[in-house]
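Residue numbers (the UniProt record's numbering): 1 to 262.
Cβ coordinates follow ideal geometry from the N, Cα and C atoms, glycine included.
Presented below is the structure to which this report refers.
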């Protein structure tokens, strides 16, 4: 599963179509993940299965809704680039999380050639996010990634440094909202006032909604609000995938007089 798989589910629940390209083992965890994706309506024809174990992540949620994630990938190898040498479904946007760097780099380059907009979920700095950051159209970074990349703990300064390299940047800041830069214009968007129960799936919901908004050609301000609303609702429920919202749940939050990005 992981961030990209959760984002694919988020896209489906928000009314879009999605396909997942990644790896799942032929074990009980891989079978369950594949079944869940099918049940959610995610296209899995590009899913790669193998004998190596399915990578796992365990989320430890604190009483205030914050969480710590423990990851285990075992001896599971990364997928080679030639796995991407297969017919791809038509797409209006591609979202990458960087965890399969070789196939992601191949697909990102192909997307650029085909004029398909690309989004990077940059949760932390590693080989995958580092190689993709200079290729994608939209860099959606966590505060952790921004600090790791720029060395600045000030979000505004980190944004300034990232914006000097990337055309469209979003740095998500949890309950403090987000800061953004688009075409040399910078601003900030506050967070929706919600009671956080579990923040585990918030980023996945945001990235899924953001990618769907890009695919639909949403205006920049609407795109940010759409992602923020989806992420906010996800925080009000337990579970990463279980908490991902549906379109009918996001719409009222968007209609209740939320201020425009500044």
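Three-state secondary structure assigned by DSSP to residue i
i, result
"residue 108", "helix"
"residue 240", "coil"
"residue 19", "strand"
"residue 86", "coil"
"residue 71", "strand"
"residue 136", "coil"
"residue 129", "helix"
"residue 40", "coil"
"residue 165", "coil"
"residue 223", "helix"
"residue 204", "helix"
"residue 29", "helix"
"residue 199", "coil"
"residue 257", "The predicted position of residue 257 is uncertain, since its pLDDT is 48 and thus under 50; a value taken from the coordinates is nonetheless stated next. Coil at residue 257, not helix or strand."
Nearest-angstrom beta carbon gap, residue j and residue i [assumed within contact, 8 Å]
i, j, result
"residue 136", "residue 150", "So it is not a contact: roughly 17 Å between Cβ atoms."
"residue 133", "residue 105", "With a Cβ gap of about 11 Å, residue 133 and residue 105 do not count as contacting."
"residue 179", "residue 157", "In fact, because the Cβ distance is near 10 Å, the residues do not count as touching under 8 Å."
"residue 229", "residue 192", "6 Å"
"residue 6", "residue 198", "Not a contact, Cβ separation roughly 13 Å."
"residue 20", "residue 46", "7 Å"
Within-8 Å CB hit, residue i to chain B
i, result
"residue 127", "Checking the listed chains, one finds no chain B in this structure; it contains a single protein chain."
Beta-carbon proximity check, residue i vs residue j, cutoff 8 Å
i, j, result
"residue 244", "residue 42", "no"
"residue 138", "residue 122", "no"
"residue 34", "residue 22", "no"
Cross-strand partners of residue i (DSSP beta bridge)
i, result
"residue 152", "Note: residue 152 sits in no beta bridge, so no partner."
"residue 214", "Paired residue(s): none; residue 214 is not in a bridge."
"residue 171", "141, 179"
"residue 50", "25"
Contact between the stretch 242–256 and the stretch 47–59: three or more CB pairs below 8 Å?
-> no
At a cut of 8 Å, does the stretch 183–190 reach the stretch 159–168 through at least three beta carbon pairs?
-> yes
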